[in-house]
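Everything on this sheet refers to the single structure shown next.
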Amino acid sequence: MRPRAQTNATNPSSSSATKKVATREEWEKKLNEVKISKTDLNNLVMNYLVIEGYKDAAEKFSQECGLQPNIDFESIQDRMNIRNAIQNGNVEEAIERVNDLNPEILDTNPKLYFHLQQQRLIEYIRQGKTSEALEFAQDELAPRGEENPEFLEELERTMALLAFEDTSQSPVGYLLHPAQRQRTASELNAAILTSQSQDKDPKLPSLMKMLVWAQNQLDEKLSFPQIRNLATAELVEETTAVSNASASTSSNTSAASIISFSP
Numbered sequence: 001m002r003p004r005a006q007t008n009a010t011n012p013s014s015s016s017a018t019k020k021v022a023t024r025e026e027w028e029k030k031l032n033e034v035k036i037s038k039t040d041l042n043n044l045v046m047n048y049l050v051i052e053g054y055k056d057a058a059e060k061f062s063q064e065c066g067l068q069p070n071i072d073f074e075s076i077q078d079r080m081n082i083r084n085a086i087q088n089g090n091v092e093e094a095i096e097r098v099n100d101l102n103p104e105i106l107d108t109n110p111k112l113y114f115h116l117q118q119q120r121l122i123e124y125i126r127q128g129k130t131s132e133a134l135e136f137a138q139d140e141l142a143p144r145g146e147e148n149p150e151f152l153e154e155l156e157r158t159m160a161l162l163a164f165e166d167t168s169q170s171p172v173g174y175l176l177h178p179a180q181r182q183r184t185a186s187e188l189n190a191a192i193l194t195s196q197s198q199d200k201d202p203k204l205p206s207l208m209k210m211l212v213w214a215q216n217q218l219d220e221k222l223s224f225p226q227i228r229n230l231a232t233a234e235l236v237e238e239t240t241a242v243s244n245a246s247a248s249t250s251s252n253t254s255a256a257s258i259i260s261f262s263p
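At position 77 of the sequence shown (counting the first as 1) the number is 77 in UniProt numbering, and the numbers step up by one without a gap.
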């Protein structure tokens, strides 16, 4: 007797066929049943504008919705001036501005202060000021490295830039990329926000990431219209998404770019 061919129980098509289906009409009805306070939405928008440093937009939005955040709008501009100074390579200016704003920020955060001094060293190296870089490293950073192995490792990594005439060939050449300035600026920005009893990160990007995660989890059990493009928030039914794979890929890329906000 010829043996029967075994059926593949894990066939993706058979698995997807067993999923429940929610029509667009049913799904939109469910969404409309969810009530969200306008005040909560306004607070969410204000939270993003304040933390990301959009002072003018935050002031205008505050006037339009009658919402007053627990922060001085002028401090937003101060914070942005500090961040811009770092991103432009003016670390000394940033340190002076921070101390004018609140000297305790750097006094109570040695790791942040080291990273700012490390960024000053990187700027010396970027400008080709080798003698100044060596002197600064010896006077300002080496003593801190002796007290902290982590700082010493970071200092040694930074000094390795001097070993290459062409820093683009250095394995630590990434320290000269704009992203390094951005990392230092973000760390300082977070410290300033903390000192002002503000959130370090805006809530909106986290909620968008949570939306994408929740859709992926639910998609394992239910076929339903999904938001593929966070910029438009348009609901796309699964049949449409499957039949247009290239468009779906483009939408996912768009969603990822929106989730990763940068001012």
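All C-beta atoms in this analysis are idealised placements derived from N, C-alpha and C, irrespective of residue type, glycine included.
On a predicted model such as this, the values are computed, not experimentally measured, just so you know.
With 16 other Cβ atoms within 10 Å as the buried cut-off, status of residue i
{"i": "Asn189", "result": "buried"}
{"i": "Leu207", "result": "exposed"}
{"i": "Ala191", "result": "buried"}
{"i": "residue 311", "result": "Any question about residue 311 goes unanswered here, given that the chain covers just 1 to 263."}
{"i": "Ile82", "result": "buried"}
{"i": "Tyr174", "result": "exposed"}
{"i": "Arg24", "result": "exposed"}
Own chain residues within Cβ distance below 7 Å of residue i, not counting five before or after
{"i": "Ile76", "result": "Val50, Gly53, Lys55 and Ala58"}
{"i": "Leu121", "result": "Ala133, Phe136, Ala137, Leu141 and Thr158"}
{"i": "Glu237", "result": "Arg24 and Pro225"}
Same chain, Cβ closer than 8 Å to residue i, neighbours up to 5 away in sequence not counted
{"i": "Ser195", "result": "Asn102, Glu104 and Ile105"}
{"i": "Leu67", "result": "Thr39, Asn42, Asn43, Met46 and Phe61"}
Among the options, the one whose alpha carbon lies nearest that of residue i
{"i": "Leu211", "options": "Leu193, Leu230, Gln68 and Thr158", "result": "Leu230"}
{"i": "Ala163", "options": "Thr184, Thr130 and Pro149", "result": "Thr130"}
{"i": "Asn148", "options": "Ile86, Asn43, Glu220 and His115", "result": "His115"}
{"i": "Leu86", "options": "Gln63, Glu123 and Ile71", "result": "Residue 86 is actually Ile in this sequence, not Leu. It is Glu123 whose Cα lies nearest to the Cα of Ile86."}
{"i": "Leu204", "options": "Glu238, Glu135, Val45 and Cys65", "result": "Val45"}
{"i": "Glu165", "options": "Asn42, Glu187 and Gly128", "result": "Gly128"}
{"i": "Asn42", "options": "Thr108, Pro69 and Glu26", "result": "Pro69"}
{"i": "Pro202", "options": "Pro110, Tyr48 and Glu25", "result": "Tyr48"}
{"i": "Asn109", "options": "Cys65, Trp27 and Glu187", "result": "Glu187"}
{"i": "Ile78", "options": "Ala233, Arg228 and Leu193", "result": "Looking at the sequence itself, residue 78 is Asp, so the reference to Ile does not match. Ranking Ala233, Arg228 and Leu193 by Cα distance to Asp78 puts Leu193 first."}
{"i": "Leu112", "options": "Leu31, Asn88 and Glu150", "result": "Glu150"}
Beta-carbon gap between residue i and residue j smaller than 9 Å
{"i": "Gln118", "j": "Leu155", "result": "yes"}
{"i": "Val21", "j": "Ser223", "result": "yes"}
{"i": "Lys221", "j": "Lys19", "result": "yes"}
{"i": "Leu235", "j": "Pro225", "result": "yes"}
{"i": "Ala179", "j": "Ser170", "result": "no"}
{"i": "Ile71", "j": "Gln182", "result": "no"}
Cut-off 6 Å between Cβ atoms - residues of its own chain near residue i, not counting five sequence neighbours on either side
{"i": "Leu176", "result": "Arg126 and Thr167"}
{"i": "Val242", "result": "With a pLDDT of only 49 at Val242, under the threshold of 50, the placement of this residue in the model should not be trusted, and no figure is reported."}
{"i": "Gln215", "result": "Gln226"}
**OP:** Please confirm if the segment 81 to 92 is in contact with the segment 139 to 158, defined as three or more CB-CB distances below 8 Å between the two stretches.
**Re:** no
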